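S.K.: Quick note on the working numbering: the first sequence kicks off at 36 and runs consecutively.
Backbone N, C-alpha and C define an ideal beta-carbon position, used for all residues, glycine too.
It should be emphasised that the depicted structure is a prediction, and the values quoted were computed from it without experimental measurement.
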Amino acid sequence: MDLYIYNTLTRNKELFKPITEDHVGMYVCGPTVYGDGHLGHARPAITFDIVWRYLKHLGYKVRYVRNITDVGHLENDADQGEDKIAKKARLEQLEPMEIAQYYTKRYLDAMDALNVLRPSIQPSASGHIIEQIEIVKKILDSGYAYISEGSVYFDVLKYHQDTNKYGILSNRVVEDMLQTTRDLEGQSEKHNPADFALWKKASPEHIMRWPSPWSDGFPGWHLECTAMSNKYLGERFDIHGGGLDLLFPHHESEIAQSQCAFGHEPANYWMHNNMITIGGQKMGKSLGNFITLDEFFTGTHKMLEKAYSPMTIRFFILQAHYRSTLDFSNEALQAAEKGLKRLLEAHKNISKINPSKECTVDIKSIEDKCMEAMCDDFNTPIVISYLFEAATIINKIIDSHEKINQENLDKLKSFLDVWINDILGIKGEQNSDMMPTIDGLVKMIIELRADARANKDWAKSDELRDKLAALGVKIKDGKEGVTWSIE
RNA sequence: GGUCUCUUGGCCGAGCGGCUAGGCACCGGUCUGCAAAACCGUCUACUCCAGUUCGAAUCUGGAAGAGACCUCCA
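Pasting the structure below:
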C-alpha cells in the first residue's frame, strides 16, 4: 500500500518515495538538555517513534537520527550570548557537561518509560564541533556568510536575493521580515537583523567554548542539525521532523545552510508535529506552564488530580492526529486511561476465546482499514477506533453474541499483537517477575470468597472483595467464572 | 503589525461534498446476592451570516472567537 506523508514544504500529502529503494534516512530535532522533559517533549518523540515503527513495518530499513542539543542555543540577545547550558551550570555550580549528562539521562529514562524506541543514532552537538566548523567554512566559501568581530553570520538577505529561497518552508516573506523584526540589543555585529549566527565568539565569562579559525566560541543556533544530519544521513535524506515551533527560524535556516554548504536542500519530506496545549495555550518552557513527564508519572504536579502512567500518556497522544493541537486536561487523560484499560483487557481476554466452526466476524477488513489509516499520514486515532472495534468483537464473542473460527481467531490475535504492541508501541503494564506468585495468591483468596458466597456469607464475600480492591486488585464475577486485574 | 492555523455533541477527538467515527461521561435494560466488568439500547454536534450545489461539518466570501510563529522553545 502506498504511504502518503504531509510535507510541510508543499503543504500537501505526498506519496512517499525514498531516495534509495527500501532505505529511509530520518532526522528529528531532539531536546535541549537543560531541564526535565515535559509533556510537550513526549509528542515529537512518540510521533516519530510511530513513523519509525511503521516504516519498519512496511519493510523499510531506516536509519533514525535524533540529536541531543547540549550546546549552542542562545538564551537571548540581551545577555551577551550566554549559553543556556552554561547559565544553568553557573547557577547550580556544576560543570555544564554535568548538567547536560544529567538531563540527557533523565530524558532517555522518560522516553524508555513511554516505550519510545531509542533512535539508531543519538548524536550530541558538543561531540560535533569540528563538523560544525567545517560547515561554517563551506558557507563562508560560498559567499553567503561574513565574519564580524570574531563571529560568523549567515547573510540572509544576499542568500534570498540570489536564490529566492529563504521562506520556502515557513512561507515567510523576507521583505516583510526585514521590517517587522524587532530591534534587539547586541545586533550591531550583524549586517541585517534577519541574519543568524553560524559561529559566536564567546565572552570572557562564557565557559562553554571551543577554538575555531574565527574565535574561541561556540556554534550557532541551527548549525548542529545541518552538521549531524549531513554526517550520518548524507547531504540529502528522506525525512526531517520536529515540532511545529521549530519551523521558523530553525528549519528554515537549516535549509539555507544546506543549500549554501552542499548546493541543495537537505530533506525531501518535512514533517512537523503540532503542540500540546494547556488551557488552550501552548505548553512550553518560556510560558512556564509545563508539567514534566516525571510529574505525570508520579502525580506530583498541583494541576494533576492523580498520577498517569506512561502508557496512558502515550495512548492519550496517539488518540489525536500528530498535526492537530492536543489539549491537556485531567478529564481527557482519565478518559484515555479508561479506554486504554478496556482495550488492553480485551487484548488479554482473547486467550479465553473458544473457536467455533462458524464465523460471524470480519477480521481482514479491519486490518486493511488500519493500514489505510496509517498510510494516510499516520492517522493513529483512526487506527485506535478500529482497535476498539476489535475489542468489542472480542467481548461479544466472549458474551456469545458473535462467533469466530480458529483461522480468524489466529488472525485477530496476530492483528492485535502487531498493531497494539509493535506499531503503536503500547504494552501492558502488569509485567513483573512476581506475577505468577501474585496470581496464585489472588486465586487463593478468590476461592475463599467463593466458599463464603456458597454459604451466602455476603459480608465475608464483600469484605474480601473490598480488601483486594484497596490493594488495587479488582474482582470481576463473570458468567464463566471469576477473574481479576490490577487497577 | 506581518505570516499561518484552528472553532465538531457534557469532555477529548476523527472527518476533506452524500454513507454510524471512536473513547470517556450520562441515562435505560440484561447479567449479578449486591456491585464492578461485559453486552444491548438511548440521548446530546458541527461558532455565526451569506453563497456555490440536487445535496455542505466538509467548497467560496464575510463576521466573531481562540491559538501558533515572527525571540530560546518539542
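Alpha carbon to alpha carbon, how far is Ile433 from Thr518?
M.R.: Taking the first residue of the first sequence as position 1, residue 433 is located at position 398. Taking the first residue of the first sequence as position 1, residue 518 is located at position 483. Each residue's Cα considered, the two are about 13 angstroms apart.
S.K.: Using 8 angstroms as the threshold, is the C-beta distance between Phe450 and Ile398 below it?
M.R.: In the first sequence, counting from the first residue as 1, residue 450 sits at position 415. In the first sequence, counting from the first residue as 1, residue 398 sits at position 363. Closer than 8 angstroms, so yes.
S.K.: What is the DSSP secondary structure of Asn102, reduced to helix, strand or coil?
M.R.: In the first sequence, counting from the first residue as 1, residue 102 sits at position 67. If DSSP states are grouped into helix, strand and coil, Asn102 belongs with coil.
S.K.: So who's on the other strand from His97, going by DSSP bridges?
M.R.: Here the question's residue 97 lines up with position 62 in the first sequence. Sequence check: residue 97 is Val here, not His. Paired residues: Val59.
S.K.: For Asn102, count neighbouring C-beta atoms within 10 Å of its own C-beta (all shown protein chains included) and say buried if the count is 16 or more, exposed if not.
M.R.: Indexing the first sequence from 1 puts residue 102 at position 67. When all chains shown are included, Asn102 counts as buried.
S.K.: Are the beta-carbon atoms of Tyr201 and Ala291 separated by less than 8 angstroms?
M.R.: Within the first sequence, residue 201 is the residue found at index 166, counting from 1. Within the first sequence, residue 291 is the residue found at index 256, counting from 1. Closer than 8 angstroms, so yes.
S.K.: Within the same chain, show all residues whose beta-carbon is closer than 6 angstroms to that of Phe83, passing over the 5 residues directly before and after it, in chain order.
M.R.: For the purposes of this step, residue 83 is taken as the residue at position 48 of the first sequence. Within the same chain, Phe83 has close Cβ partners Val63 and Gly276.
S.K.: When the Cα atoms are used, what is the spatial distance from Asn309 to Ala381?
M.R.: Translated into positions along the first sequence, residue 309 becomes position 274. Translated into positions along the first sequence, residue 381 becomes position 346. For Asn309 and Ala381, the distance between alpha carbons rounds to 31 angstroms.
S.K.: Answer with buried or exposed for Pro301, where buried requires no fewer than 16 other C-beta atoms within 10 angstroms of its C-beta.
M.R.: Taking the first sequence and counting its residues from 1, one reaches residue 301 at position 266. That one is buried.
S.K.: From which residue to which residue does the alpha helix (DSSP H) around Asp176 run?
M.R.: One-based indexing of the first sequence puts residue 176 at position 141. Element bounds for Asp176: Ile164 to Ser177.
S.K.: Taking three-plus beta-carbon pairs below 8 angstroms as touching, is the region 128-146 in contact with the region 221-237?
M.R.: Touching, no, given that fewer than three Cβ pairs across the two stretches are closer than 8 angstroms.
S.K.: Compute the distance between the beta-carbons of Gly463 and Lys387, then report whether it is under 8 angstroms.
M.R.: Here residue 463 refers to the residue found at position 428 of the first sequence. Here residue 387 refers to the residue found at position 352 of the first sequence. No, the pair does not count as a contact, with Cβ atoms beyond the cut-off.
S.K.: Given that a residue counts as buried once 16 or more other Cβ atoms are within 10 Å of its Cβ, and exposed if not, what is Asp452?
M.R.: By one-based count along the first sequence, residue 452 stands at place 417. Exposed, since its Cβ has fewer than 16 Cβ neighbours within 10 Å.
S.K.: Go through the region 190-216 residue by residue and report every complete run of the alpha helix (DSSP H) that reaches 4 residues or more, in order.
M.R.: Taking only runs of at least 4 residues, the alpha helix (DSSP H) segments lying wholly in the region 190-216 are 191-198 and 209-215.
S.K.: Return yes when the Cβ of Leu268 is within less than 8 angstroms of the Cβ of Gly60, no when it is not.
M.R.: Locating residue 60 in the first sequence gives position 25, where the first residue counts as 1. Locating residue 268 in the first sequence gives position 233, where the first residue counts as 1. Going by C-beta atoms, Gly60 is nearer than 8 angstroms to Leu268.
S.K.: Going by other Cβ atoms of all chains shown within 10 Å of its Cβ, with 16 needed for buried, is Pro471 buried or exposed?
M.R.: Here residue 471 refers to the residue found at position 436 of the first sequence. By the 10 Å Cβ count, Pro471 comes out exposed.
S.K.: Name the DSSP beta bridge partners of Phe351, please?
M.R.: Here residue 351 refers to the residue found at position 316 of the first sequence. Paired residues: none, contrary to the question.
S.K.: Compute the beta-carbon to beta-carbon distance between Leu499 and Leu483, rounded to the nearest angstrom, for a pair I have assumed lies under 8 angstroms.
M.R.: Along the first sequence, read from residue 1 onward, the residue named residue 499 stands at position 464. Along the first sequence, read from residue 1 onward, the residue named residue 483 stands at position 448. Right, their Cβ atoms sit about 6 angstroms apart.
S.K.: Going by beta carbon distance, what residues of the same chain come within less than 8 angstroms of Asn430, once the five residues before and after it are set aside?
M.R.: In the first sequence, residue 430 corresponds to position 395, counting from 1. Cβ neighbours of Asn430 beyond the five flanking positions: Ala381 and Asn384.
S.K.: As an exercise, report each continuous beta strand (DSSP E) stretch of at least 3 residues that is fully enclosed by the region 243-271, in chain order.
M.R.: Taking only runs of at least 3 residues, the beta strand (DSSP E) segments lying wholly in the region 243-271 are 252-254.
S.K.: Contact between the region 255-270 and the region 279-294: three or more CB pairs below 8 angstroms?
M.R.: Yes: the two stretches touch, three or more of their Cβ pairs being nearer than 8 angstroms.
S.K.: Relative to the alpha-carbon of Arg98, which residue among Leu152, Cys295 and Asp251 has its alpha-carbon at the smallest distance?
M.R.: Position 63 of the first sequence, counting from 1, holds the residue named residue 98. Of Leu152, Cys295 and Asp251, the residue nearest in Cα terms is Leu152.
S.K.: Does the beta-carbon distance from Thr523 to Leu361 come in below 8 angstroms?
M.R.: Nothing about residue 523 can be read from this structure; the chain reaches only from 36 to 522.
S.K.: Would you identify the three-state DSSP class for Leu339, choosing helix, strand or coil?
M.R.: In the first sequence, counting from the first residue as 1, residue 339 sits at position 304. DSSP places Leu339 in coil when its eight states are reduced to three.
S.K.: Do Leu322 and Met346 have their beta-carbon atoms positioned less than 8 angstroms apart in this structure?
M.R.: Translated into the one-based positions of the first sequence, residue 346 becomes position 311. Translated into the one-based positions of the first sequence, residue 322 becomes position 287. Their beta carbons are not under 8 angstroms apart, which means Met346 does not touch Leu322 by this criterion.
S.K.: Since Leu44 and Leu204 are thought to touch, with beta carbons under 8 angstroms apart, how far apart are those beta carbons, to the nearest angstrom?
M.R.: Taking the first residue of the first sequence as position 1, residue 44 is located at position 9. Taking the first residue of the first sequence as position 1, residue 204 is located at position 169. Their Cβ separation, rounded to whole angstroms, is 6 angstroms, which keeps Leu44 and Leu204 in contact under 8 angstroms.
S.K.: In whole angstroms, what is the alpha-carbon distance linking Phe189 and Lys122?
M.R.: If you number the first sequence from 1, residue 189 lands on position 154. If you number the first sequence from 1, residue 122 lands on position 87. Taking the straight line joining both Cα atoms gives about 25 angstroms.
S.K.: Cα separation between Lys478 and Ala505?
M.R.: Here residue 478 refers to the residue found at position 443 of the first sequence. Here residue 505 refers to the residue found at position 470 of the first sequence. One C-alpha to the other measures close to 16 angstroms.
S.K.: Restricting to runs no shorter than 4 residues, where is the alpha helix (DSSP H) found entirely within the region 455-514?
M.R.: Complete alpha helix (DSSP H) runs here, min 4: 470-489 and 493-505.
S.K.: Here's a check: name, in chain order, each residue in its chain whose Cβ is nearer than 8 angstroms to the Cβ of Asp280, leaving out the five neighbours to either side.
M.R.: Taking the first sequence and counting its residues from 1, one reaches residue 280 at position 245. For Asp280, where only same-chain residues beyond five positions count, the Cβ hits under 8 angstroms are Met310, Lys317 and Gly319.
S.K.: When the Cα atoms are used, what is the spatial distance from Leu149 to Ala80?
M.R.: If you number the first sequence from 1, residue 149 lands on position 114. If you number the first sequence from 1, residue 80 lands on position 45. Each residue's Cα considered, the two are about 9 angstroms apart.
S.K.: If I follow the unbroken beta strand (DSSP E) through Phe363, where does it start and stop?
M.R.: For the purposes of this step, residue 363 is identified with residue 328 of the first sequence, where counting begins at 1. That run of the beta strand (DSSP E) goes Leu361 to Phe363.
S.K.: Have a look at Ile455 and Leu74 and give me their C-alpha separation to the nearest angstrom.
M.R.: In the first sequence, the residue the question calls residue 455 occupies position 420. In the first sequence, the residue the question calls residue 74 occupies position 39. Their backbone Cα atoms lie some 22 angstroms apart in a straight line.
S.K.: Please go through the region 270-320 and give each complete alpha helix (DSSP H) segment of 4 or more residues, from N-terminal end onward.
M.R.: Counting whole runs of 4 or more residues, the region 270-320 contains the alpha helix (DSSP H) stretches 287-297.
S.K.: For Ile165, count neighbouring C-beta atoms within 10 Å of its own C-beta (all shown protein chains included) and say buried if the count is 16 or more, exposed if not.
M.R.: One-based indexing of the first sequence puts residue 165 at position 130. Counting Cβ neighbours within 10 Å, Ile165 comes out exposed, since fewer than 16 surround it.
S.K.: Any idea if Phe413 is buried or exposed, counting beta-carbon neighbours within 10 angstroms, 16 or more meaning buried?
M.R.: Working through the first sequence from its first residue, we reach residue 413 at position 378. Buried: at least 16 other Cβ atoms inside 10 Å.
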